[in-house]
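Protein chains in written order, with my numbering: chain V, 1 to 260; chain G, 261 to 520. Here a beta-carbon is modelled for each residue, glycine too, at the ideal position from N, C-alpha and C. Written out below as structure tokens is the structure these notes cover.
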């Protein structure tokens, strides 16, 4: 099965997504709580990394979580037992919901605006959508390193080759307005890590971002986008930004919109 | 007089700094208020763009604002009449203060850590420093444009050629700890502008950032860092990010530290 998911489906990847969600939960989920009884759709739940936080923050909502991958859903089911899981392609979804939640999904889709427009058809009038995406163009660090930057650029390129866009965060405003949503509001949610924030250095710089870059190394080298030496140095330099005098910056974008 | 100040000292530049300060005042100054009677030094006050906000937020503090440029001080005096202004080089300063405030200054200095170490000598034990700087590596936008990026890169290069560092924001943590400050804490303060935030599109994307890039155009072309056509297109593309579907992102860094 080739779903074009650049990060792959192996076990370490599932662990990475779990670590990422725990470290970033407060940053990403703050402000998102759905009323008891409301019908919430998580489109593209993957292994359930965000699903558990949706459940924790909206215990009374009725959550339906959908993903195209049966293997991911099997893991998600173990994580969140009270959720209704369903295997389906985003474009095949039907039903009516009060709220839709989409996190780290649009970045992998060739037609994100079309996906948003379809999700809009699933909302009742007055219903809302919440979208969270990263933007790898927001990644910068100290010490600076052309090798680390080249490795990040490789990840962006691989995601583009797979039909996605690792720089999609900056596009959420035009994507949501273009898909017909009203009252669109986008907020940057920034991760900044230095030695005074050891949890973020470990949880984000090392175990989330650097691990994500490391995860595509074999592919990048196999496709001739990087040399083995250059790649190794890039990853080492990313790790180096987690040392005592290092810093790391990354911006996620959280968008909300309404179906009038 | 060549002080190495890349942005120059002409009138439009003073207006730009004023616009910037007004739009960004809340973002940058939130959390900074000095007790009545405390002795506060603003090192490198320039035309007083930040000075007026320091006065407004700490009306009872005794503020001394210092700059190396007599012309800038003349303008600053008109803006903030209750402040004690003094013309001096940062490294020649003496006296004792409870707090030091430094904003958009270190980015222009060849030895920022040495400057911070000197400022530390001016603090009483237990005194604090607050430092605010930008980082042009945090600038990204939609639509993407290699011409706009090249123009931004020119600005970074010109500032480096003048002995400064337009990418200094990411370095505040190591700079302050290296200069001997304790309890150093750095926060990103992010500007994100899209059509739902027209004040920021005008006040930041257009009148602050794009104006700053435009301001070095003649120099960039004269030094052969850009062609006239390429530069014009880069500036046009930066303006384009302020259109209806455009977005713009920039991160300032605000750091605090203590002299034990």
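Spatial distance of residue i from residue j (CA atoms)
{"i": "residue 436 of chain G", "j": "residue 444 of chain G", "result": "7 Å"}
{"i": "residue 192 of chain V", "j": "residue 138 of chain V", "result": "11 Å"}
{"i": "residue 376 of chain G", "j": "residue 257 of chain V", "result": "45 Å"}
{"i": "residue 65 of chain V", "j": "residue 93 of chain V", "result": "11 Å"}
{"i": "residue 413 of chain G", "j": "residue 406 of chain G", "result": "10 Å"}
{"i": "residue 69 of chain V", "j": "residue 107 of chain V", "result": "16 Å"}
{"i": "residue 225 of chain V", "j": "residue 214 of chain V", "result": "14 Å"}
{"i": "residue 369 of chain G", "j": "residue 421 of chain G", "result": "11 Å"}
{"i": "residue 120 of chain V", "j": "residue 166 of chain V", "result": "23 Å"}
{"i": "residue 495 of chain G", "j": "residue 408 of chain G", "result": "6 Å"}
{"i": "residue 30 of chain V", "j": "residue 319 of chain G", "result": "35 Å"}
{"i": "residue 135 of chain V", "j": "residue 253 of chain V", "result": "8 Å"}
{"i": "residue 362 of chain G", "j": "residue 245 of chain V", "result": "21 Å"}
{"i": "residue 163 of chain V", "j": "residue 133 of chain V", "result": "16 Å"}
{"i": "residue 74 of chain V", "j": "residue 462 of chain G", "result": "49 Å"}
{"i": "residue 351 of chain G", "j": "residue 382 of chain G", "result": "11 Å"}
{"i": "residue 263 of chain G", "j": "residue 303 of chain G", "result": "Only weak support is given to the placement of residue 263 of chain G: the predicted model assigns it a pLDDT of 46, under 50, and the value that follows is read from those uncertain coordinates. Approximately 15 Å between the Cα atoms of the pair."}
{"i": "residue 464 of chain G", "j": "residue 403 of chain G", "result": "17 Å"}
{"i": "residue 114 of chain V", "j": "residue 179 of chain V", "result": "7 Å"}
{"i": "residue 239 of chain V", "j": "residue 286 of chain G", "result": "35 Å"}
{"i": "residue 41 of chain V", "j": "residue 220 of chain V", "result": "35 Å"}
{"i": "residue 417 of chain G", "j": "residue 493 of chain G", "result": "19 Å"}
{"i": "residue 259 of chain V", "j": "residue 312 of chain G", "result": "43 Å"}
{"i": "residue 281 of chain V", "j": "residue 32 of chain V", "result": "Residue 281 of chain V lies beyond the residue range present for chain V, which begins at 1 and ends at 260; the question has no answer from this structure."}
{"i": "residue 96 of chain V", "j": "residue 336 of chain G", "result": "60 Å"}
{"i": "residue 315 of chain V", "j": "residue 218 of chain V", "result": "Absent from the structure is residue 315 of chain V, since the part of chain V shown begins at 1 and ends at 260."}
{"i": "residue 261 of chain G", "j": "residue 186 of chain V", "result": "Any reading at residue 261 of chain G is ruled out, since the residue's pLDDT is 36, under 50, leaving its predicted position unreliable."}
{"i": "residue 200 of chain V", "j": "residue 489 of chain G", "result": "44 Å"}
{"i": "residue 323 of chain G", "j": "residue 389 of chain G", "result": "14 Å"}
{"i": "residue 450 of chain G", "j": "residue 469 of chain G", "result": "13 Å"}
Option nearest residue i by Cα separation, candidates the options
{"i": "residue 299 of chain G", "options": "G/460, G/387, G/492 and G/370", "result": "G/387"}
{"i": "residue 296 of chain G", "options": "G/476, G/506, G/317 and G/425", "result": "G/317"}
{"i": "residue 84 of chain V", "options": "V/102, V/55, V/147 and V/112", "result": "V/55"}
{"i": "residue 371 of chain G", "options": "G/461, G/481 and G/432", "result": "G/432"}
{"i": "residue 48 of chain V", "options": "V/197, V/98, V/67 and V/155", "result": "V/67"}
{"i": "residue 471 of chain G", "options": "G/447, G/489 and G/497", "result": "G/497"}
{"i": "residue 105 of chain V", "options": "V/95, V/74, V/169 and V/223", "result": "V/169"}
{"i": "residue 249 of chain V", "options": "V/200, V/140 and V/27", "result": "V/140"}
{"i": "residue 216 of chain V", "options": "V/181, V/200 and V/150", "result": "V/150"}
{"i": "residue 181 of chain V", "options": "G/378, G/456 and G/357", "result": "G/456"}
{"i": "residue 255 of chain V", "options": "V/200, V/209 and V/174", "result": "V/174"}
{"i": "residue 100 of chain V", "options": "V/80, V/34 and V/89", "result": "V/34"}
{"i": "residue 45 of chain V", "options": "V/131, V/229 and V/98", "result": "V/131"}
{"i": "residue 349 of chain G", "options": "G/389, G/310, G/378 and G/511", "result": "G/378"}
{"i": "residue 50 of chain V", "options": "V/155, V/28 and V/98", "result": "V/28"}
Outcome for residue i when other beta-carbon atoms lying within 10 angstroms are tallied against a minimum of 16
{"i": "residue 419 of chain G", "result": "buried"}
{"i": "residue 507 of chain G", "result": "buried"}
{"i": "residue 332 of chain G", "result": "buried"}
{"i": "residue 125 of chain V", "result": "exposed"}
{"i": "residue 227 of chain V", "result": "exposed"}
{"i": "residue 502 of chain G", "result": "buried"}
{"i": "residue 194 of chain V", "result": "buried"}
{"i": "residue 222 of chain V", "result": "exposed"}
{"i": "residue 467 of chain G", "result": "buried"}
{"i": "residue 448 of chain G", "result": "buried"}
{"i": "residue 338 of chain G", "result": "exposed"}
{"i": "residue 87 of chain V", "result": "exposed"}
{"i": "residue 198 of chain V", "result": "exposed"}
{"i": "residue 342 of chain G", "result": "exposed"}
Enclosing beta strand (DSSP E) for residue i [first to last residue]
{"i": "residue 387 of chain G", "result": "383-394"}
{"i": "residue 72 of chain V", "result": "From DSSP, residue 72 of chain V is part of no beta strand (DSSP E) but of the alpha helix (DSSP H) over 70-79."}
{"i": "residue 407 of chain G", "result": "Here residue 407 of chain G belongs to no beta strand (DSSP E); instead the alpha helix (DSSP H) covers 406-421."}
{"i": "residue 225 of chain V", "result": "Element bounds for residue 225 of chain V: n/a, residue is neither H nor E."}
{"i": "residue 448 of chain G", "result": "442-453"}
{"i": "residue 399 of chain G", "result": "Counting along the chain, residue 399 of chain G falls outside any beta strand (DSSP E), and DSSP gives it neither H nor E."}
{"i": "residue 357 of chain G", "result": "357-363"}
{"i": "residue 301 of chain G", "result": "299-303"}
{"i": "residue 344 of chain G", "result": "344-347"}
First and last residue of the uninterrupted alpha helix (DSSP H) at residue i
{"i": "residue 62 of chain V", "result": "Element bounds for residue 62 of chain V: not the alpha helix (DSSP H) but the beta strand (DSSP E), 62-67."}
{"i": "residue 315 of chain G", "result": "311-317"}
{"i": "residue 474 of chain G", "result": "471-475"}
{"i": "residue 516 of chain G", "result": "No alpha helix (DSSP H) holds residue 516 of chain G; the beta strand (DSSP E) holding it covers 507-518."}
{"i": "residue 177 of chain V", "result": "172-178"}
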